[in-house]
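Protein chains in written order, with this note's numbering: chain A, 149 to 489; chain B, 149 to 489; chain C, 149 to 489; chain D, 149 to 489.
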């Protein structure tokens, strides 16, 4: 069966596995205090053009979001996010479990709008009394978003400026960052993210690693005793060097970006295929996730032949479905898919 | 200065104070295990026509909401509420502080819609996989709402039916319940609330008491070890009989409803006054909170003469303001106000 | 039946009630922003000889402990307390509910020892790595303790010095503070407490008020947005002036200390009575709580005649019981008790 | 430098790595719904002789403890553990972070005593009122303990009987379970653990895996919606098959026990070496962790040559240190160590 269900259904880039084999019996310090982690951090700092970046590797995305949010917020603060944000809807309440509210504002194809954010802050801080409300303490954006869309540099800059004007840090969830960076419409580079965001994470799980996300604090703003808080949230990996190893490999010779490009190339091929067959797109996505409006008959016809994700009901006869490519998607599989649809 | 700022700016009905005087030096059991509490509970059971009601008295409204929600929800559940619900916006994140998400759905003049609620449940349970989402575990409504509006019996029944169809308990926040019951448009009686809701609270703080809210579980569904959870949330009053005494007084000879009527009568007078002077109402409220669109010049003119609440900016020149009457508002004061505006 | 069960079984000093009567219909600002609270705070500042004290009134003791602890601690910190401390054992896990550990150290008749505290800090900070442990962030003591015992000035000073050496704030739970101040063995005055502690609370519930505890931050160290955090924990009283009124009354003309003395005088009488009859004391308490070892036959004999508290089993034949006097205990009742035992 | 610092300083058994290589590009369902996980679960069920065991794989030990505890406890309950238990002292308050108290009872060389546990329950449930206390809701033991000691079958049975008598589930932390099972003094087999415990975890991180712990619910008692709660705590691994693969390998042909034996053999060799040189043992450990009392001069002499862990100060001149062997420790390294000490 052809698999376009998600971008985390297979293992890691072969270089990661072979390096794991090499280092398997080498003694390492525990909890990320090893030299491989140090090397990976240094490479990421360079890739971000952010010499002072403080980096910590975590295992997964929800963990990264919960750890970053709960360690950066004060007790009376919440995190502002699009109503469709991953932290808002698809993390089983992991943020609230740490005691913090997700302050939902409108999402536009997954993105928040700088003007609306500014309006939200203005209303909160300037009109009347907010002592009985949750204070905004962090702004969450995802790039690419949960809908595969991208912020333009102008948009990111505008959001960052609003955040700075109100003294609120900006956090970017980069679970699929590689695919955002390599999109044909990419307007933002890694260095821009490091410049405009106060903290972000570079996704490994969905982009070439077995698992792992690199949390990057860009303004010497890693919370004090961050490691203890990671431990407190159950997120500290004993063999932290496994995370270092993967990011060190991905950030050697631009491997992260190179392999990300494959997801984009195959997604473009897939889009072309659907377009030719007259399918309607639910959203215009320039990255590896493609949202197609599919009638239920076609869905039946494809059953057992192609795996993809249910997204939401469109109407009685049609459904929004998601096809995801990845760093490992084979051109042949996309071509076979195009023949089937 | 005339005060229409809120319905909790003065003390309690005189009968409460005189009874407090009487019982002041009588030895009582601690933590609500006294006979006054028992008597008050029995009177409330009768007023609700719900012989099996389990009742616990708490000190304040946010406390009641946080205690009820956090004791009724399972860990992976959240409470569904209108986006404008008190638990959503004006309790400083008290629900999230207990680890639970407020699952916000649209509000219509403060009310939720049975059809939309049903759609929300249907999407959650019937379409796709929700294992990564917060499960709805309680539905929160307020009556009167934060905008002074009321549910009709038909609306309440429809919401209750949706809740039952999906096995989700329904919780009604009655911070201003008396004013809802005595409204000219009141379609719902206390017994209806006891029948259709699984839990609700009868507000004392805003309706004749010094403080206190009576939480009523109507279906033998008070969570096990509720008292211990109240203690854990810091809400257990040592001299619990003070709460019992107040509710026992309010539920003797229909005092609660009698005094509530005054708030409605004075609110009607106030509405009439504003209407005559050509003011526009932000919302049509049949209870004690009236939301007026006032131009900023008028606001300046009234400064120092009348106290009321800022609600929100309407446009550059006008502001939505709230005038609240209460069980203790004097007709003369409303008349004086009508002369001033 | 004679009642020595606890010090919170009756109402408030008559001056409080009559003042409540007077102010009942006076319009007040909500949430403690009123002038009565301001006046009470000023009087407490004077009584503490601490002009810069920041004061907030809360409703009950567990609430005060949970609010102070959770607002002062950083996320990775816990509160150090005696194993027998109220926060450790009798608050249903209210501290843990806020996400923080109670770091238990040995108690000696309810008190902690400066030397042991210092040893604990030394081990934590100086020996090995503590990144995987809960950091001490506050020290909790009670005065009088849960066993009625008192710290000497020397002991308090020593604890405060250890705290300062390690940069950890010291918090004193004064649920029964008046009885500690008026004990014949009292070595510590209110001003000493204000000088040596970073935060403490003056108990009202057990000492003349209907309810209420005055939390005093002595070093300009009230956490930012404290009121919002109180709201978040469900502890913000709408009619905050009720708390102000009570403390304003108690701190006018030394009423708090005057009425506290009665508890001590009657406790001394009671001790004398038990001593004369040959009873053994479980602990030597110089305050209003007396712990007596009573054989079970005597307990049976007293049943229905005297109310007191079960404390713990002593052995198969004997039980530790507690007799508590209060500001309102009548000499005649103690004399009657002495006749019965 | 010789490394005896801990049992998690190197990678995984070679069979795991080669299997990872094999399966790397095979499409797998996400979040543990794959067939490798299913196969691993079946093998563990057989090894435990517990056909109805429900199993979930987690990434690390603190995560396993926090997830199990917080999903099994009711809100008003805490987990009973030895004062020296890992959950009590070395997990940065991960249990308290979920809102639950660790109810500490005495530890004896890391173990709790059935009699003391029974006494604790008896006092809690039978003497007086416990409504203001944290209810015991789970009993935590570790095997081997943090001090390397083991429960005998008789001891485990006695603890289990006490737990059953009071209706409290028993949880065993098996971070180093393999080393306990293969100890020369092992009296307990995996089947015994499955029989007497309600839930336990089989440690992978320290016993042959890269990472991973297998949580086993033995009585059809996996909490409802466990997966959602794992997600909520940030512990759900996208590529869950990586966990399944490791446990499937470890539980094929008894690999888990076979490799565990090496840690025991090398530990025995190491003990013999220290004993011959006249070192004093801090504790008699029959497993892979050895606690030696070492004078500070020797420590200086070994610096740069051998890595081991600081445990605690013994006196001014001596220190307790820990030497850990593992499934991968080489006999030659132990011999070299014995020559150095």
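Built from N, CA and C at the ideal position, the CB exists for glycine as well.
Could you tell me whether any Cβ in chain B is nearer than 8 Å to the Cβ of residue i?
i	result
residue 225 of chain C	no
residue 211 of chain D	no
residue 285 of chain D	no
residue 341 of chain C	no
residue 131 of chain D	Since the first residue of chain D shown is 149 and the last is 489, residue 131 of chain D is not available in this structure.
residue 175 of chain C	yes
residue 385 of chain C	yes
Please list, in chain order, all residues of the same chain as residue i whose beta carbon is under 6 Å from its beta carbon, the five residues on each side excluded.
i	result
residue 308 of chain A	318 and 344
residue 410 of chain C	475
residue 202 of chain D	365 and 370
So residue i packs on residue j, CB below 8 Å; how close in whole Å?
i	j	result
residue 158 of chain A	residue 173 of chain D	5 Å
residue 219 of chain A	residue 330 of chain A	Not confirmed; about 30 Å, so no contact.
residue 394 of chain C	residue 360 of chain C	5 Å
residue 325 of chain D	residue 208 of chain A	Not confirmed; about 25 Å, so no contact.
residue 391 of chain A	residue 356 of chain A	With a Cβ gap of about 13 Å, residue 391 of chain A and residue 356 of chain A do not count as contacting.
residue 227 of chain D	residue 243 of chain D	6 Å
For residue i, which residues of its own chain have a beta-carbon under 8 Å away from its beta-carbon, when the five flanking residues on both sides are left out?
i	result
residue 418 of chain B	152, 438, 471, 473, 482, 485 and 486
residue 301 of chain C	335, 336 and 340
residue 440 of chain D	422, 427, 428, 429, 430, 468, 469, 470 and 471
residue 246 of chain A	214, 217, 218 and 381
residue 466 of chain C	441, 442, 443 and 444
residue 164 of chain B	356, 357, 358, 393, 394, 397 and 398
Who are the Cβ neighbours of residue i in its own chain at under 7 Å, not counting the five residues just before and after it?
i	result
residue 316 of chain D	284, 285, 286 and 287
residue 304 of chain A	336, 340 and 344
residue 404 of chain D	326, 355, 356 and 398
residue 167 of chain C	393 and 397
For chain D, find out if any of its Cβ atoms is closer than 8 Å to the Cβ of residue i; answer yes or no.
i	result
residue 245 of chain C	yes
residue 410 of chain A	no
Quick one: does residue i have its CB under 8 Å from some CB of chain C?
i	result
residue 359 of chain B	yes
residue 206 of chain A	no
residue 380 of chain B	yes
residue 252 of chain D	yes
residue 437 of chain B	no
residue 215 of chain D	no
residue 237 of chain D	yes
Just list the residues that DSSP pairs residue i with in beta bridges.
i	result
residue 430 of chain D	DSSP lists no partner for residue 430 of chain D.
residue 229 of chain D	D:252
residue 351 of chain A	A:361
residue 319 of chain B	B:288 and B:347
residue 466 of chain B	B:443
residue 460 of chain B	B:468
Is the Cβ of residue i closer than 8 Å to any Cβ of chain A?
i	result
residue 241 of chain D	yes
residue 375 of chain C	yes
residue 367 of chain B	no
residue 388 of chain D	no
Where the segment 453-469 of chain B meets chain A: residues whose CB sits under 7 Å from a CB there
458, 460 and 461
Taking a Cβ distance cut-off of 7 Å, strictly less, list which residues of the segment 300-332 of chain C are near chain B, in chain order.
none
Contact set between the segment 254-286 of chain D and chain B, restricted to residues whose Cβ is under 9 Å from the partner
278, 279, 280, 281, 282 and 283
Short of 8 Å Cβ to Cβ, which residues in the segment 155-166 of chain C face chain B?
156, 157, 158, 159, 160, 162 and 165
Residues of the segment 183-202 of chain C with Cβ closer than 8 Å to any Cβ of chain B, in chain order:
none
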